[in-house]
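Accompanying notes for the structure given below.
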Amino acid sequence: MADVIVHIGRFQPPTLAHLEIIKKAQSLAKKVIVIVGSAKKARSVCNPWTSLERIEMLRSTKEIDHKRLIIAPIPDSNYDFSWWLAEVEKIVKQNTNSDDSIGVIGYKKDDTSYYLDYFPKWKFVEMPKLYSGLSATQVRERLFENNYVSHVTDEIGKWLTNWIVNNDVIYSTLKEEYHYIKKYKDMWKSTLFTPVFVTTDAIVICKENILLIRRGNNPGKNLYAMPGGFLEQTEFITDCAIRELRGKTRIDVDNNALKKSLSFVKVFDDPFRDQMGRSIAHVHLFNLELSKFPNVKLSDSASDVRWMSIKNLDELQDKFFGDHYQIIKNVLMF
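In this note's numbering, each number is its position in the sequence shown, counted from 1, plus 748.
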């Protein structure tokens, strides 16, 4: 049917359904390119395994022809979809000939599968629901709830079992975060309407450095983040941003000076940006034109607060909480 078929996914972990799709692609094409998303992200309940670990899992299975399989990782880009599309096409171009016919294969399970419609030059191969629609999310839930590995190949099941044994601290931390999030969601699951949370975050720039905290609590404990928090019922958005900034960092700049240094406010509203629930972030950019860094102090809710060179952020992107690195990159355009 095609010279090359592309399959895009997160594979957290690679399930039996993922492997069925790859096998179907190999029955239709000479070569299959698997693109592994969410690369260079910090570990979380949604992303427990690095891209290298997921590639190891895929390579461990005996059910596919590895000689005809190319696997390449790609970072997410929630707020620059055109960049992400270009990166996917770049990976495919690097691994195909100019006259190759190309297809893309997948199952349109919900709104998160929208990307499958953005490759009009590639023939779409639609897959049916497999294994009663059991998803990788449910596989992770069973793992964190009961240490139960299911709906993966024997090889991947063995890989996961060994990973748990050899990474007990990481696994225990992820389980703790999983139960924290579950308990948090249980608090409002009986409400008439699912709540939408409004938050503010601060990007504070001084002398080509950015002010960051490390989160002191779950979720994302010890990961870098913008200082921020939830909007209170009776406050304006910018007042919330300044209150949370001062509370998280004890920054030695008065409120009037902070308001004068405010460059702009931008909304980030990816529906899936926060594991805790629907959360809309109002990100404030403060440019401090000072001759020296203002003093900052550690707060109770952070494990660290520091000024960091913007030039060094790329190498730390897998140490950031959630989409905070992507937001900072979008705002600062570096």
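Note that beta-carbon positions come from the ideal geometry of N, C-alpha and C, so glycine has one too.
Rounded straight-line distance, which links the Cα of residue j to that of residue i
| i | j | result |
| --- | --- | --- |
| Arg962 | Lys996 | 10 Å |
| Phe1041 | Leu993 | 15 Å |
| Leu767 | Leu864 | 18 Å |
| Tyr827 | Asp1018 | 8 Å |
| Thr844 | Phe892 | 39 Å |
| Asp824 | Leu1036 | 30 Å |
| Met749 | His1072 | 41 Å |
| Asn895 | Val917 | 14 Å |
| Trp832 | Asn966 | 29 Å |
| Lys838 | Ser830 | 12 Å |
| Leu1046 | Trp907 | 40 Å |
| Ile985 | Ala950 | 11 Å |
| Asn724 | Val784 | Nothing in the structure corresponds to residue 724, since the chain is present only between 749 and 1082. |
| Leu1006 | Met974 | 16 Å |
| Leu1080 | Val952 | 11 Å |
C-beta contact flag for residue i and residue j at 7 Å
| i | j | result |
| --- | --- | --- |
| Tyr879 | Ala765 | yes |
| Leu979 | Phe1012 | no |
| Gly976 | Ser1049 | no |
| Ile819 | Val780 | no |
| Ile1058 | Glu956 | yes |
| Ile904 | Met805 | yes |
| Val897 | Thr763 | no |
Cβ-based neighbour list, residue i, same chain, cut-off 8 Å, excluding 5 preceding and 5 following
| i | result |
| --- | --- |
| Leu800 | Pro821 |
| Lys1067 | Ala790, Leu971 and Tyr972 |
| Ile1028 | Val944, Phe945, Val946, Thr947, Val1015, Phe1016 and Asp1017 |
| Glu811 | Leu767, Lys771 and Thr901 |
| Asp813 | Gln774 |
| Lys869 | Ile850 |
Of the listed residues the options, nearest to residue i (C-alpha basis)
| i | options | result |
| --- | --- | --- |
| Thr948 | Asn914, His1030, Ser898 and Ile1076 | His1030 |
| Ser808 | Val780, Asp902 and Lys877 | Asp902 |
| Tyr926 | Ala834, Arg890 and Trp936 | Arg890 |
| Phe759 | Lys931, Arg1026, Thr885 and Ala950 | Thr885 |
| Leu960 | Arg1054, Ala790, Leu1006 and Thr909 | Arg1054 |
| Val754 | Lys857, Val873 and Tyr1073 | Val873 |
| Leu1010 | Gln1023, Glu1063 and Cys954 | Cys954 |
| Ala787 | Met1081, Gln1074 and Val1079 | Gln1074 |
| Val1085 | Ser849, Pro762 and Arg802 | What the structure shows of the chain is the stretch from 749 to 1082, and residue 1085 is not part of that stretch, so it cannot be assessed. |
| Ile929 | Phe941, Lys969 and Thr909 | Lys969 |
| Val1001 | Ser920, Trp911, Asn1043 and Asp934 | Asn1043 |
| Ser792 | Arg816, Pro761 and Gly757 | Pro761 |
| Gln1023 | His899, Tyr862 and Leu922 | Leu922 |
Own chain partners of residue i with C-beta closer than 7 Å, once the 5 adjacent residues on each side are dropped
| i | result |
| --- | --- |
| Pro943 | Trp936 and Gly1025 |
| Met875 | Ile769, Lys772, Ile853, Gly854 and Tyr855 |
| Ala777 | Met749, Ala750, Asp751, Val752, Ile753 and Gly851 |
Three-way DSSP call (helix, strand, coil) for residue i in this model
| i | result |
| --- | --- |
| His899 | coil |
| Asp949 | strand |
| Trp832 | helix |
| Ala790 | coil |
| Trp936 | coil |
| Gly851 | strand |
| Phe941 | coil |
| Lys1045 | coil |
| Trp911 | helix |
| Lys869 | coil |
| Val784 | strand |
Close beta carbons around residue i, own chain, < 6 Å, minus the five adjacent residues each side
| i | result |
| --- | --- |
| Asp1052 | Arg962 |
Residue i beta carbon near the ligand SAH (any heavy atom closer than 6 Å)
| i | result |
| --- | --- |
| Lys856 | Among the components of this structure there are no ligands whatsoever, and the ligand SAH is therefore not found. |
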